[in-house]
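Visitor:
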Amino acid sequence: MFPNVLEVARRLIAERVTAGDRAIDATMGNGNDTLFLAQLVGREGTVTAYDIQPQAIERTKERLEREGVLERVRIFLASHEEMSKLSEPVGAIMFNLGYLPGGNKDITTQAESTLRAIEAGLSLLRPGGIMTIMIYWGHPAGQVEKDAVEQYCRQLNQSEYLVLKYQYLNQQNQAPFLLAVERRS
Ligand SMILES: C[S@@+](CC[C@H](N)C(=O)[O-])C[C@H]1O[C@@H](n2cnc3c(N)ncnc32)[C@H](O)[C@@H]1O
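Structure representation (structure tokens):
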């Protein structure tokens, strides 16, 4: 079987991020990607993570504490656009768009703020760094967001960024897909 979109995102990141690196989880949710990134950057690295829902923060904190990696993660109850306030280069940024699994399905990422965050994030990527964007578009705001993000990524300057799309073409039900943007060296 082909690896699913999340597996591909993680493989691409794991090939580029090493111990001591900096990474960002733009959509913390239940903390699965935050934990993955925290383990990858190791004790010397840092992860900055954002979510707008207190529920997501609580779940992620518990998860990270249980796994003994909480101290290497900076957690913000804030929109991911706030990453425009960061200045240090990062090796990886993960976006996992849509709603919090097990949470309120009406609270989803939104095209405009997502685009602002992607733009801010791209400017933080170090050469060889990667941004992955998992697009879940089977909800009302998702279609608009999907179109906006795809359009934005398609026009990125190819001498600065490489953009990859990983998607099943024959799946029904608006299956999620992955965009990955690599900052060229
Ligand atoms: C699909 S979930 C993320 C799942 C997560 N990566 C995990 O491993 O569990 C999307 C998350 O994005 C959050 N979100 C929505 N708008 C946001 C924003 N403007 N900034 C940061 N997070 C946002 C939602 O609250 C939700 O928790």
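Residues 1 to 185, numbered by the working numbering, are exactly what the sequence shown covers, in order. Don't be surprised by glycine CBs; every beta carbon is placed ideally from N, CA and C.
State yes or no: is the C-beta of M194 within less than 8 Å of the C-beta of L35?
Guide: Because the chain here runs from 1 to 185, residue 194 falls outside it and cannot be looked at.
Visitor: By how many angstroms is the C-alpha of Q158 removed from the C-alpha of D51?
Guide: Those two C-alpha atoms are separated by around 30 Å.
Visitor: V186: which of L122, V8, F2 and T46 sits nearest, CA to CA?
Guide: The displayed coordinates of the chain run from 1 to 185. Any statement about residue 186 would go beyond what the structure contains.
Visitor: Residues in its own chain within less than 8 Å of I57 by CB, not counting five upstream and five downstream?
Guide: So the qualifying residues of the chain are M28, D51, I75 and L77.
Visitor: Ligand 1 heavy atoms versus the CB of D51: any closer than 7 Å?
Guide: D51 Cβ: within cutoff of ligand 1.
Visitor: Please name the residue in A148, Q171 and N173 whose C-alpha comes closest to that of S113.
Guide: The shortest Cα separation from S113 among A148, Q171 and N173 belongs to A148.
Visitor: List the whole-angstrom C-beta distance separating L156 from Y166, where the pair is believed to meet the contact cut-off of C-beta under 8 Å.
Guide: With 8 Å as the limit, L156 and Y166 do not qualify as a contact, their Cβ atoms being about 17 Å apart.
Visitor: Tell me, please, which residues DSSP counts as bridged to F177.
Guide: According to DSSP, F177 bridges with I135.
Visitor: Based on the DSSP output, what are the partners of E182 in its beta bridges?
Guide: Paired residues: I130 and L162.
Visitor: Is the separation between the beta-carbon of A117 and that of A9 shorter than 8 Å?
Guide: The answer is no: Cβ separation not under 8 Å.
Visitor: Out of E67, L12 and P176, point me to the one whose CA is closest to G98's CA.
Guide: If we check each option's Cα against that of G98, P176 comes out closest.
Visitor: For H80, is the beta carbon positioned less than 7 Å from some heavy atom of ligand 1?
Guide: Yes - ligand 1 has a heavy atom lying nearer than 7 Å to the Cβ of H80.
Visitor: Roughly how many angstroms separate the alpha carbons of V144 and P3, rounded to a whole number?
Guide: Spanning the two alpha carbons is a distance of roughly 27 Å.
Visitor: I'd like to know whether the C-beta atoms of R16 and G103 end up nearer to each other than 8 Å.
Guide: Taking 8 Å as the Cβ cut-off, R16 and G103 do not qualify as a contacting pair.
Visitor: M131: buried (16+ other C-beta within 10 angstroms of its C-beta) or exposed?
Guide: Flag for M131 reads buried.
Visitor: Quick check on the burial criterion: 16 or more other C-beta atoms within 10 angstroms. Buried or exposed for K105?
Guide: By the 10 Å Cβ count, K105 comes out exposed.
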